[in-house]
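Counting along the sequence shown from 1, when you hit position 82 you're at 77 in our numbering, and nothing is skipped either side.
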Amino acid sequence: MTVTIAPVKSAPLGFFDSGVGGLTVVRAVQELLPAEDILYLGDTARLPYGSKSPETIRQFADEDTRFLISRGVKAIVVACNTATAHALPSLRERYKLPILGVIEAGVDAALANPHAERIGIIATRGTIGSHAYQHALALRKTGLIIHGQATPLLVPLIEENWLEHPATAMVLKSYLDPLVEKGIDTLMLACTHYPLLIPVLQELLPADVRLVDSATTCAEHLKNELQRLDLLADSSHEGKLEIHLTDLSEEFECLARRFLKRAPGRIQRAVLG
Ligand code: DGL
């Protein structure tokens, strides 16, 4: 059964992710669209998504979407690369309201550079295994050389705040060396946690490798879409953020502060129907 929603400008934007990573997208959206109210759902009871099967992710994404729709959102941002990779087409088929993922925008941003020819992608196993980025890139431009590298150790290292730790540099080097050997000119950070690694990546990679992340590219894409659909909130409004989690833990607040670069405010428990 398809569900059709008639969006209204004053309604909040709905975001979902497996946990905290999608807050990098929220932060970029807050900077670009400060008038928008945001309702964020982190499915912390069931994370990580990156190692689960496509069927399970589609089911989780469906439940996350229904929760946001039940709260009256005007559009949905799938602020998780793994969920975008596995579930975006099925969500769009089922729910008739604007639904954006993080892949299209990233691919557009990577190919906005006409000299991009050798593209590396780092992401969860699920995102790399789905080939969603590889297909989207190859469809837009022929002759690209694309290398996908699953980097499952990075999310735990980022959540431990080991950004400056030598272990992170070592792990990153093992993941990046094969890509650098292949002469990549662009590295797609295809996981919503990875914008936090940008300073370390800039130190480790040759200076001419361009980094493309999911957060800023998705925020720009969202702004264009809301403009096109005449769904931007009144600019005099001061946007608010409401965070809902399927599991409440003490450490989330501290993590959220690092991802958002500000206090997350009150966090509520979400019960998915
Ligand atoms: N948010 C996920 C992504 O962008 C990474 C974390 C997870 O595996 O749940 O793919």
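By construction, the Cβ of each residue, glycine as well, lies at the ideal position given by its N, Cα and C atoms. On a predicted model such as this, the values are computed, not experimentally measured, just so you know.
With residue i and residue j assumed to form a contact (beta carbons below 8 Å), what rounded beta-carbon distance in angstroms separates them?
{"i": "Leu226", "j": "Pro2", "result": "6 Å"}
{"i": "Arg120", "j": "Gly45", "result": "6 Å"}
{"i": "Thr187", "j": "Ala74", "result": "6 Å"}
{"i": "Leu149", "j": "Leu199", "result": "In fact, because the Cβ distance is near 13 Å, the residues do not count as touching under 8 Å."}
{"i": "Ile140", "j": "Leu132", "result": "That belief does not hold up - the Cβ atoms of Ile140 and Leu132 are roughly 10 Å apart, past 8 Å."}
{"i": "Ala118", "j": "Asn76", "result": "6 Å"}
{"i": "Asn108", "j": "Thr181", "result": "7 Å"}
{"i": "Lys218", "j": "Leu28", "result": "6 Å"}
{"i": "Leu95", "j": "Phe11", "result": "The pair is not a contact, with the Cβ atoms about 12 Å apart (cut-off 8 Å)."}
{"i": "Glu154", "j": "Leu250", "result": "6 Å"}
{"i": "Pro49", "j": "Ser125", "result": "7 Å"}
{"i": "Ile262", "j": "Glu246", "result": "Wrong, their Cβ atoms sit about 12 Å apart, outside the cutoff."}
{"i": "Pro93", "j": "Glu220", "result": "6 Å"}
Taking Cβ positions, are residue i and residue j nearer each other than 7 Å?
{"i": "Leu255", "j": "Arg22", "result": "yes"}
{"i": "Lys69", "j": "Ala6", "result": "yes"}
{"i": "Glu26", "j": "Ala228", "result": "no"}
{"i": "Phe55", "j": "Arg66", "result": "no"}
{"i": "Gly138", "j": "Ile123", "result": "no"}
{"i": "Gly9", "j": "Ile71", "result": "yes"}
{"i": "Ile179", "j": "Gly260", "result": "no"}
{"i": "Ala78", "j": "Ile52", "result": "yes"}
{"i": "Ala127", "j": "Ala80", "result": "yes"}
{"i": "Leu267", "j": "Glu58", "result": "yes"}
{"i": "Pro190", "j": "Ala210", "result": "yes"}
{"i": "Pro43", "j": "Ser85", "result": "no"}
{"i": "Ala258", "j": "Val24", "result": "no"}
{"i": "Ala100", "j": "His216", "result": "yes"}
{"i": "Arg89", "j": "Thr(-3)", "result": "yes"}
For the beta strand (DSSP E) containing residue i, name the first residue and the last one.
{"i": "Asp12", "result": "Leu8 to Asp12"}
{"i": "Val68", "result": "Val68 -> no beta strand (DSSP E), and no H or E assigned at all."}
{"i": "Glu237", "result": "Leu236 to Leu240"}
{"i": "Leu34", "result": "Ile33 to Gly37"}
{"i": "Arg252", "result": "From DSSP, Arg252 is part of no beta strand (DSSP E) but of the alpha helix (DSSP H) over Glu245 to Leu255."}
{"i": "Arg264", "result": "Ile262 to Arg264"}
{"i": "Arg113", "result": "Arg113 to Ala118"}
What are the start and end residues of the alpha helix (DSSP H) that includes residue i?
{"i": "Gly101", "result": "Ile98 to Leu106"}
{"i": "Ser48", "result": "Premise fails: Ser48 is in no alpha helix (DSSP H) and is neither H nor E."}
{"i": "Ser85", "result": "Asn76 to Arg89"}
{"i": "Ala23", "result": "Leu18 to Leu27"}
Counting only runs of 4+ residues fully inside the segment 121 to 209, write out the alpha helix (DSSP H) ranges in chain order.
127 to 135, 149 to 154, 161 to 176 and 193 to 199
Inspect the CB distances between the segment 99 to 108 and the segment 169 to 176 and report whether three or more fall short of 8 Å.
no
For the segment 239 to 248 and the segment 28 to 39, state whether three or more C-beta atom pairs, one from each stretch, are separated by less than 8 Å.
For the pair of segments examined, the segment 239 to 248 was found to touch the segment 28 to 39: the number of CB pairs separated by less than 8 Å reaches three.
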